[in-house]
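Enquirer: Take this structure, written in structure tokens, and hold onto it; I'll ask about it next.
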Amino acid sequence: MNIQESIASGIQQAFKVCFSHDLPLEEISLAPTRKEFEGTYTFVVFTYLKVSKLSPEATGNKIGDYLKENVAEVSGYNVVKGFLNLVLNQSVWVDLFQKLIANPTIGQLPPNGKKVMVEYSSPNTNKPLHLGHLRNNFLGYSIAEILKANGYEVIKANLVNDRGIHICKSMVAYQHFGNDETPESSGLKGDHLAGKYYVLFDKEYKKQIEELKAEGISEEEAKKNAPIILEAQDMLRKWEANDEVVVSLWKKMNAWVYAGFAATYQRMGVNFDKFYYESDTYLLGKDIVEEGLSKGVFFKKADNSVWVDLTDEGLDQKLVQRGDGTSVYITQDLGTADLKYKDFKIDKSVYVVGNEQDYHFEVLFKIMRKLGRSYGSGLYHLSYGMVDLPTGKMKSREGTVVDADDLMQEMIETAEQHTKELGKIDGFSSDQATSLYEMLGMGALKYFLLKVDPKKRMLFNPQESIEFQGNTGPFIQYSHARIASILRKAVQIGVNYKTTDFSGISHLEESEADLIYLLNDFDRKIEIAGEEFSPSVLAQYLFDLAKEYNRFYADVPIFLENDATVLAFRVALSEQTAKTIKKGMSLLGITVPDRM
RNA sequence: GGUCCUGUAGCUCAAUCGGAUAGAGCAACUGCCUUCUAAGCAGUAGGUUUCAGGUUCGAUUCCUGACAGGAUCACCA
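Numbering (this note's numbering), first residue to last: 3 to 598.
This is the structure in structure tokens:
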């Protein structure tokens, strides 16, 4: 039983004894005491005045007295208005700390026997990744790691959008303007090469529209009849008919793009257990349409099109198959959802997709639940907001995007410059220095994107957003490096912090108790982050932890301590903090250095 | 127009699902390196939580209504 549980059960007893009232354990909630007051946990008594039939103060005092007498961990209390602040015995902290360091699997909850798939990234193969994709990839990777830490078996999946009219646009433009250019001949990364032709297509398309308009054709008609768009549509038909020339071009350009993506993913530090390709899955879902019809979940209209009626759930009627029997977007998503289940027998499925698709996923999930899928209740759309630039929204076709590769490179270069200015690379080999810059640059970028609540849209200012001080990745990385330095010194002068028994310690500094409180909170934060699908919970926690450690570091000189046990305790406290930071940051996909 | 999301310090974000005097970082200003890494620590200043009502011991949080920003409402994906 942990401290909170034993206090809660003490409160339950107190209610029984003092007010002859049965209070269910789940109803008892303890909040951390605010810094200004003495105490660790606070119990708010206002709610229970009807039960106690006493004033707030008297109620608090009565419960406080009972807890002080009957709960070993509680050494004192104070009541301010209706807030009962509980002061814990100092020995509680030392005991708690000894338990923490005895646990070899820090930050890993026991297996829960459940399987979850996290689908993220899901790029289009007609253009390179940009800033928005970075948020998606970092979020997806991190939430997968967080779910693992919560005891799930996790499958990371990437559903690659490798077919459709947008892919054909790049291909048509390449046929026209490519001159057999290749990544090798152009020196461009494959995905950037494909992206170049996607932009060229749009340019030519716009030009043709203007030409048609000059001939007196309406804009609407011009958009439909520009020769190059007709060509792209024709190419899509040929692709679906397995035309040899089209398919071989498609394969060639896709291979370039995949090579480019692989390099980008590697630098991002993300990975996948399973790739799905829309070119394989786009015809799925027809059997589910049949199933839905026979179960009465779907219905047919006069033109033979198939619909689902979600008006009873506050939504509209939604088309799931066209009158001519061809699929729409949601048809294949229905099929893919089932495919994922068939492949892995998953209990839950998380889709990391931007919030512009909120409605789509609401519909998709409602349909799967109506169809009675076993995983229906485990479907979750991790919807995240856009990343805006100071100039407004990013638009790929207008070239106002922040390219992912460029941004990562820039971050790493900034980290290098910053590190050199601080003169911190004495004794580093050039390989070590390079990997440090990479670690810091990527750490800053990932932390920046992950510290914000996913569902909020956020602003990215290339000039100002990336800092290395304050609430940033490098600040936490720095704290880790500081501790690593302490540990090196401890080993050097022979401190036996791993085998010392700390139970004799009778006094703790405030910052030490606060640190233990935070360290003990790690598992709970992992749980919350998992339940809320929010890495930002962990990011915030790690910042608080690093902040608290730095406070301790400034307040308490470790190696000047005369008492060998206390000295060893402080080193052990440092080590536990380092382990927690390292594990926590790894759940965000961020690595931490031993020196910087 | 319907639906959904968001609105907190000059800026970027928090606030433990209704709790105490709303907290951090950046930017500004003051201190602290002959002591374990100053990418740090301590401090000053900065707020009518968009606005108006309501619910109650208590509201940034819940309800209603405005206002502002965004997304979506395709037989596109």
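For each residue, glycine too, the CB sits at the ideal point set by N, CA and C.
None of the values given here were measured: they were computed from a predicted structure.
Counting C-beta neighbours from all protein chains within 10 Å, is the total for A417 16 or more, i.e. buried, or is it exposed?
Expert: Classification of A417: buried, given that the 10 Å Cβ count is 16 or more.
Enquirer: Which residue from Q334, T313, G316 puts its Cα closest to that of Q323?
Expert: Nearest option by C-alpha distance: Q334.
Enquirer: When DSSP labels each residue in this structure, what does K453 get in the three-state scheme?
Expert: Correct three-state label for K453: coil.
Enquirer: Tell me, which residues are paired with D311 by DSSP?
Expert: Bridge partners of D311: Q319.
Enquirer: Consult DSSP for L161 and reduce its assignment to one of helix, strand or coil.
Expert: Three-state result, L161: strand.
Enquirer: Helix, strand or coil for A228, going by three-state DSSP, please let me know.
Expert: Coil.
Enquirer: Pick helix, strand or coil for Y260, following the three-state DSSP scheme.
Expert: Reduced to three states, the DSSP call for Y260 is helix.
Enquirer: By the three-class DSSP mapping on this structure, what secondary structure does E7 have?
Expert: In this structure, E7 counts as helix in the three-state DSSP scheme.
Enquirer: Which runs of the alpha helix (DSSP H) spanning at least 4 residues fall entirely within the stretch 354 to 407, listed in chain order?
Expert: Here the runs fully enclosed are 360 to 372.
Enquirer: Output needed for Y2: all residues of its chain with C-beta closer than 6 Å, excluding positions within five of it in sequence on either side, in chain order.
Expert: In the structure as shown, the chain begins at 3 and stops at 598. Residue 2 is therefore absent and cannot be evaluated.
Enquirer: Closest by CA to K208, which one among L195, G197, P229, G189?
Expert: Checking every option, the nearest Cα to that of K208 belongs to P229.
Enquirer: Starting from F277 and walking both ways along the beta strand (DSSP E), at which residues does that stretch end?
Expert: Start and end: 276 to 279.
Enquirer: Across which residues does DSSP place K350 in a beta bridge pair?
Expert: The partner list for K350 (beta bridge, DSSP) reads V118.
Enquirer: Give me, in chain order, the residues of the same chain whose beta-carbon lies closer than 8 Å to that of L373; leave out the 5 immediate sequence neighbours on both sides.
Expert: So the list reads I290, E293, G294, K297, V299, once near-sequence residues are dropped.
Enquirer: Excluding the five sequence neighbours on either side, which residues of its own chain have a C-beta within less than 7 Å of the C-beta of T61, listed in chain order?
Expert: Here the set comprises V47, Y50, L51, S54.
Enquirer: Starting from G78, follow the alpha helix (DSSP H) in both directions and report where the run begins and ends.
Expert: Counting along the chain, G78 falls outside any alpha helix (DSSP H), though it belongs to the beta strand (DSSP E) covering 76 to 82.
Enquirer: Buried or exposed, going by whether 16 or more other CB atoms sit within 10 Å of the CB of H132?
Expert: Result: buried.
Enquirer: Can you list, in chain order, the residues of its chain whose CB lies under 8 Å from that of G341, leaving out five sequence neighbours each side?
Expert: Looking at the sequence shown, residue 341 is not Gly but Leu. Cβ neighbours of L341 beyond the five flanking positions: Y278, T283, L286.
Enquirer: Would DSSP call P34 helix, strand or coil?
Expert: Looking at P34 - three-state DSSP - the assignment turns out to be strand.
Enquirer: With DSSP as the reference, please indicate the residues paired to S576 in a beta bridge.
Expert: Paired residues: none, contrary to the question.
Enquirer: In chain order, what residues of the same chain have a beta carbon less than 8 Å from the beta carbon of G506, not counting five sequence neighbours either side?
Expert: These residues qualify, in order along the chain: T567.
Enquirer: Roughly how many whole angstroms lie between the Cα atoms of L56 and A16?
Expert: Straight-line Cα distance between these residues: approximately 14 Å.
Enquirer: So is P476 buried or exposed if we call it buried at 16+ other beta carbons inside 10 Å?
Expert: With 16 or more Cβ atoms within 10 Å of its Cβ, P476 is classed as buried.
Enquirer: Flag this pair as yes or no: are the beta carbons of H135 and A339 separated by less than 7 Å?
Expert: Contact flag unset, no.
Enquirer: Based on DSSP bridge pairs, tell me the residues matched to M460.
Expert: According to DSSP, M460 bridges with V389.
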